[in-house]
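See structure below.
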Amino acid sequence: MMPLKLNGQFSSKSGFYLNNARLADQLLHFPSKSKGESLAKFSVSFAKLHDAYEPASIRWKICTYDDTVNGVTQKYLSNFLPESPFVRSGGSRCKSEEDLSSHEQGPEFPANHLAILTEKLKAVHLHLLASEHWNASQLKLCHGTYLASAKNLTHYLALQCLDVQQVEESLSSIGLLNLESMNSHILASINSVIQLLEDLVPIKYSIRGNTGNMDRVDYVAAEQIENQREYTINTMSKIASSHASRLFGPSDDGKHAHIMVTVGREVISNETLLMDILKAGANIIRINCAHDDPTVWSEIVRMAKHSSQILEKPCRILMDLAGPKLRTGYVVKDAIAMRITPQKDANSDMIFPAHIWLCSAGSSPPSHLSQDAIVCIDQEFFNNLKVGDVLSFVDVRGRKRSFKLLKKYPVVAGSGYMVECSRTAYIGLGTKLFVKKDRKLSVGQVVKLPSIEEFIMLKVGDLLTISRNSSFSMDKPGGTPFGSARITCSSDHLFDSVKPGEPVAFDDGKIWGKVQKKNIDEIIVLVTHASPEGSRLGSRKSINIPRSEMQLKGLTSKDLVDLDFVAAHADMVGISFLRDVDDIVTVQHELEKRKLQKLGVVLKIETSDALEKLPQLLFQAMQFSNPLGVMIARGDLMVECGWDQMADIQQEIMSVCSAAHIPVIWATQVLESLVKFGLPTRAEITDAASGSR
1 MMPLKLNGQF
11 SSKSGFYLNN
21 ARLADQLLHF
31 PSKSKGESLA
41 KFSVSFAKLH
51 DAYEPASIRW
61 KICTYDDTVN
71 GVTQKYLSNF
81 LPESPFVRSG
91 GSRCKSEEDL
101 SSHEQGPEFP
111 ANHLAILTEK
121 LKAVHLHLLA
131 SEHWNASQLK
141 LCHGTYLASA
151 KNLTHYLALQ
161 CLDVQQVEES
171 LSSIGLLNLE
181 SMNSHILASI
191 NSVIQLLEDL
201 VPIKYSIRGN
211 TGNMDRVDYV
221 AAEQIENQRE
231 YTINTMSKIA
241 SSHASRLFGP
251 SDDGKHAHIM
261 VTVGREVISN
271 ETLLMDILKA
281 GANIIRINCA
291 HDDPTVWSEI
301 VRMAKHSSQI
311 LEKPCRILMD
321 LAGPKLRTGY
331 VVKDAIAMRI
341 TPQKDANSDM
351 IFPAHIWLCS
361 AGSSPPSHLS
371 QDAIVCIDQE
381 FFNNLKVGDV
391 LSFVDVRGRK
401 RSFKLLKKYP
411 VVAGSGYMVE
421 CSRTAYIGLG
431 TKLFVKKDRK
441 LSVGQVVKLP
451 SIEEFIMLKV
461 GDLLTISRNS
471 SFSMDKPGGT
481 PFGSARITCS
491 SDHLFDSVKP
501 GEPVAFDDGK
511 IWGKVQKKNI
521 DEIIVLVTHA
531 SPEGSRLGSR
541 KSINIPRSEM
551 QLKGLTSKDL
561 VDLDFVAAHA
571 DMVGISFLRD
581 VDDIVTVQHE
591 LEKRKLQKLG
601 VVLKIETSDA
611 LEKLPQLLFQ
621 AMQFSNPLGV
631 MIARGDLMVE
641 CGWDQMADIQ
651 QEIMSVCSAA
661 HIPVIWATQV
671 LESLVKFGLP
681 TRAEITDAAS
691 GSR
């Protein structure tokens, strides 16, 4: 058996033809789509048989050829009548052979044209069967739940290899079929149209008994194999609906679309917000593990499930793993004093204590932690601390307060503690901290308060320094240009990948720049695109380097920790920044190790690599039984592929997923203006409507 060919590209302008075993001069020619026509975004699958091997049951071959052998089709092409204009039929219908024969001298669609069209469709039909037959060894790897879907995807990819525009136009002219509308049941649809056409073609033009046309024995043999399967149009549609229900749950009131809302810690302080979201129609709550922490996530999940029970309305939880994404570090500025406030409800009762990163000067928190403040203390006092210690102090207002050390984390510049404070405190430079050890009182003091700013402003022409160093010290000599804004990124991948002259995008493309120069610890970027009034760049915003070669693969160590939380609390896990099949294999291994066969898996398509390899990713994902979905993560995808390509890219992804019966999440910034300003834009309304379809 031949392996599934998903990277095959025709090297020249080429096509395929069916070589009849008994009538060698009867060739059906279909040019293959040249590079740039449709599916240029990702490679396709095609069937190609060994020249020395002919299946015993079906005596035909599929092969490619280039311009040097175009002459082989001339005998067949001479059988075609000159082109005739075809118009969509009105109310009249041909009801008998006599009616059809009366149109032979100038009909809207002559009978011999219908016969030729029928044979063309049969050639396509055989091509699709061949793609399935010769990919059988790979299809057998798919889980039984997805076998029919994987076969239909194989048919779809095989069909995309062919230029069937003339066939589509002919079918459209007689009102029979639009090939674009049959993605979820390709083989069954083509077979149905063939049956309809055979009923329309008079006997004297029919292939029945006419040995001058395609070998009927060949077609019947293939048809018998295909008919053994019960993959009817209705069955395939039910399979697609079943896959969506397994992932998202049953739809409300018979609607096919589900509504997903992404939430964060802001819902915790508003007791009614989540319930209002569910009342408004949402039935999926999404949590992004790139933000907040397990304490916040647990409360969101609890509130969502509680609201779901009260409303007696099902609600599923999707949690996205952060993945190996490049993000900005914290935008910092030294402060003299700082207010630390725990999370409170409307009655001013504490919901969550404030979390503070406590460190010696120069140690920034790990990127995956979420804290409300950063407090730097003197090194000698820091060295004597351990987890469980309680630090007491008197704040700048004279109120007695305390910090409790929860956990110690190693970082590049040493280590630090995550501590909690359960009451509002105002802390300043020089504030004394006390800890009692072995009946002795140790004293330290606050030496630095790097306050976390919300953003820095950038305009075209500004210089931005991206620093690898996690130190918050801003007075390091050398390297940084005078007047340059500064932000950090702790990922080595950024510094190892970019080169001078390459573009860098921030915050989903809101800000663009070009690398001016770099050294081992810093990258200097010249801002080339920003809002005329200036654009804000905040902490934890995306960084994209679309023209750089970067090796970001698999799940991060944080993802593996978060996956355990997701398994215990969520219905679906989102896999971020997929790039190739190996990433899917890694995810499947971790799911299998944790026995998570029922956890839904959502593949987030947000890189150009994932877009190009989408069919391969789906085939690999369908080897396991987990409910499966795809998210079009348009923010990062737009940055990597260009905004002018997004409309086509979205359509391509949805077409492939429709063929694979995989539900799609139309995601990011849908109705964003409605969320921020209370009114949607006209474009957003159209966008949301397109997504619901």
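Quick note on numbering: the UniProt record's numbering labels position 302 of the sequence shown as 302, and the sequence is numbered without any gaps.
Ideal Cβ placement from N, Cα and C applies to all residues, glycine included.
Coarse secondary structure for Trp666, derived from DSSP in three states: Working through the sequence shown from its first residue, we reach residue 666 at position 666. Three-state DSSP puts Trp666 in a strand.
Distance between Ser415 and Tyr409 (C-alpha atoms, nearest Å): Here residue 409 is taken as the residue at index 409 of the sequence shown, counted from 1. Here residue 415 is taken as the residue at index 415 of the sequence shown, counted from 1. Approximately 6 Å, taken between the alpha carbons.
Where the alpha helix (DSSP H) containing Gln620 begins and where it ends: Counting from one through the sequence shown, the residue named residue 620 turns up at place 620. Per DSSP, Gln620 belongs to the alpha helix (DSSP H) from Leu614 to Ala621.
Any chain C beta carbon closer than 7 Å to His258: Although the question refers to chain C, the structure presented lacks it and comprises just one protein chain.
Val193 versus Leu391, Ala354, Thr232 and Ile466, residue with shortest Cα-Cα distance: Mapped onto the sequence shown, residue 193 falls at position 193. Cα-wise, what sits closest to Val193 is Thr232.
Presumed contact (8 Å Cβ cut-off) between Phe455 and Gly538, rounded CB distance: The residue labelled residue 455 in the question sits at position 455 within the sequence shown. The residue labelled residue 538 in the question sits at position 538 within the sequence shown. About 4 Å separates the two Cβ atoms, so the contact holds.
Which listed residue (Gly629, His113, Asn383 and Ser360) has its alpha carbon closest to that of Ile374: Along the sequence shown, read from residue 1 onward, the residue named residue 374 stands at position 374. Of Gly629, His113, Asn383 and Ser360, the smallest CA-CA separation from Ile374 is found for Ser360.
Where Gln616 falls, given that 16 or more other Cβ within 10 Å makes a residue buried: What you label residue 616 is simply residue 616 of the sequence shown in a count that begins at 1. It is buried - the Cβ of Gln616 has at least 16 other Cβ atoms within 10 Å.
Cβ contact check for the segment 288-299 and the segment 387-402: 3 or more pairs under 8 Å: no
Neighbourhood of Ile356 by C-beta, 8 Å cutoff - its chain only, sequence neighbours within 5 removed: Within the sequence shown, numbered from 1, the residue matching residue 356 stands at position 356. So the list reads Ile340, Gln371, Asp372, Ala373, Ile374, Val375, Phe403, Met418, Val419, Glu420 and Cys421, once near-sequence residues are dropped.
Pro324, DSSP secondary structure in three states: What you label residue 324 is simply residue 324 of the sequence shown in a count that begins at 1. In the structure shown, Pro324 sits in coil (DSSP, three-state: anything other than H, G, I, E or B).
Alpha-carbon spacing of Leu318 relative to Gln650, whole angstroms: Locating residue 318 in the sequence shown gives position 318, counting from the first residue. Locating residue 650 in the sequence shown gives position 650, counting from the first residue. Whole-angstrom Cα-Cα distance: 21 Å.
Enclosing beta strand (DSSP E) for Ser137 [first to last residue]: Residue numbering aside, residue 137 sits at position 137 when the sequence shown is read from its first letter. It is not in any beta strand (DSSP E) - Ser137 instead sits in the alpha helix (DSSP H) that spans Ala136 to Leu139.
Counted within 10 angstroms of its Cβ, other Cβ atoms place residue 694 as buried (16 or more) or exposed: Because the chain here runs from 1 to 693, residue 694 falls outside it and cannot be looked at.
For Leu128, the residue or residues it bridges with in DSSP: In the sequence shown, counting from the first residue as 1, residue 128 sits at position 128. None, per the DSSP bridge assignment.
Given 8 Å, three or more beta-carbon pairs between the segment 600-617 and the segment 116-133: Of all C-beta pairs linking the segment 600-617 to the segment 116-133, fewer than three are shorter than 8 Å, placing the two stretches out of contact.
Stretch-stretch touch, CB-based, cutoff 8 Å, three pairs: the segment 495-511 with the segment 528-545: yes
Cβ pair Ser576, Lys604 closer than 7 Å: The count along the sequence shown starts at 1 and reaches residue 576 at position 576. The count along the sequence shown starts at 1 and reaches residue 604 at position 604. It is a contact, given that the beta carbons lie within the stated cut-off.
7 Å Cβ cutoff met for Ile351 and Asp345: Looking up residue 351 in the sequence shown gives position 351. Looking up residue 345 in the sequence shown gives position 345. The answer is yes: Cβ separation under 7 Å.
Endpoints, beta strand (DSSP E) assigned at Trp512: Indexing the sequence shown from 1 puts residue 512 at position 512. Looking at the DSSP string, the run of the beta strand (DSSP E) that includes Trp512 is Ile511 to Lys518.
Through-space distance from Leu555 to Gly513, alpha-carbon basis: Here residue 513 refers to the residue found at position 513 when the sequence shown is read from its first residue. Here residue 555 refers to the residue found at position 555 when the sequence shown is read from its first residue. Just so you know, the alpha carbons of Gly513 and Leu555 end up roughly 28 Å apart.
For Ser241, the residue or residues it bridges with in DSSP: Within the sequence shown, numbered from 1, the residue matching residue 241 stands at position 241. Note: Ser241 is not bridge-paired with any residue in the DSSP secondary-structure output.
7 Å Cβ cutoff met for Ile524 and Lys517: Your numbering for residue 524 matches position 524 in the sequence shown. Your numbering for residue 517 matches position 517 in the sequence shown. Yes; because the gap between Cβ atoms is below 7 Å, this pair is in contact.
Assumed close pair Ser673, His143 - CB separation to whole angstroms, cut-off 8 Å: Counting from 1 along the sequence shown, the entry for residue 673 is found at position 673. Counting from 1 along the sequence shown, the entry for residue 143 is found at position 143. Ser673 to His143, Cβ: 42 Å. No contact.
Gly444, buried or exposed, once every other Cβ within 10 Å from all chains shown has been counted against 16: Start at 1 with the first residue of the sequence shown, and residue 444 comes out as number 444. Answer is buried; the Cβ neighbour count reaches 16.
Endpoints, the beta strand (DSSP E) within which Cys489 is located: The count along the sequence shown starts at 1 and reaches residue 489 at position 489. Neither: Cys489 is in no beta strand (DSSP E) and is coded neither H nor E.
Member of Leu129, Ile466, Leu560 and Pro663 whose CA lies at the smallest distance from the CA of Asp492: One-based indexing of the sequence shown puts residue 492 at position 492. Closest option to Asp492, Cα to Cα, is Ile466.
Cβ pair Leu321, Asp562 closer than 7 Å: On the sequence shown, residue 321 is found 321 positions in, with the first residue counted as 1. On the sequence shown, residue 562 is found 562 positions in, with the first residue counted as 1. Cβ atoms of Leu321 and Asp562: closer than 7 Å.
As assigned by DSSP and simplified to three states, the class of Ala530: By 1-based counting over the sequence shown, the position of residue 530 is 530. Coil at Ala530, not helix or strand.
Whole-number beta carbon distance between Leu405 and Ile377, since they are thought to touch under 8 Å: Mapped onto the sequence shown, residue 377 falls at position 377. Mapped onto the sequence shown, residue 405 falls at position 405. So it is not a contact: roughly 12 Å between Cβ atoms.
Within the UniProt domain "Pyruvate kinase barrel" (256-340), ranges of the alpha helix (DSSP H) (whole runs, at least 4 residues): 273-279 and 294-311
Residue ranges of each alpha helix (DSSP H) within the segment 144-204, 4 or longer: 147-160, 165-173 and 186-200
Cys63 in three-state terms, based on DSSP: Within the sequence shown, residue 63 is the residue found at index 63, counting from 1. Because the pLDDT of Cys63 is 35, which lies under 50, any placement of that residue in the model is unreliable, and the number read from its coordinates should be weighed accordingly. The answer is strand: DSSP assigns Cys63 an E or B state.
Where the alpha helix (DSSP H) through Met646 begins and ends: Counting from one through the sequence shown, the residue named residue 646 turns up at place 646. Taken as a continuous stretch (DSSP letters only), the alpha helix (DSSP H) holding Met646 covers Met646 to Ala659.
Inter-stretch contact at 8 Å, needing at least 3 Cβ pairs: the segment 681-688 / the segment 649-664: no
Backbone secondary structure at Cys641 - three-state DSSP: Position 641 of the sequence shown, counted from the start, is the residue given in the question as residue 641. Cys641: helix per DSSP, three-state reduction.
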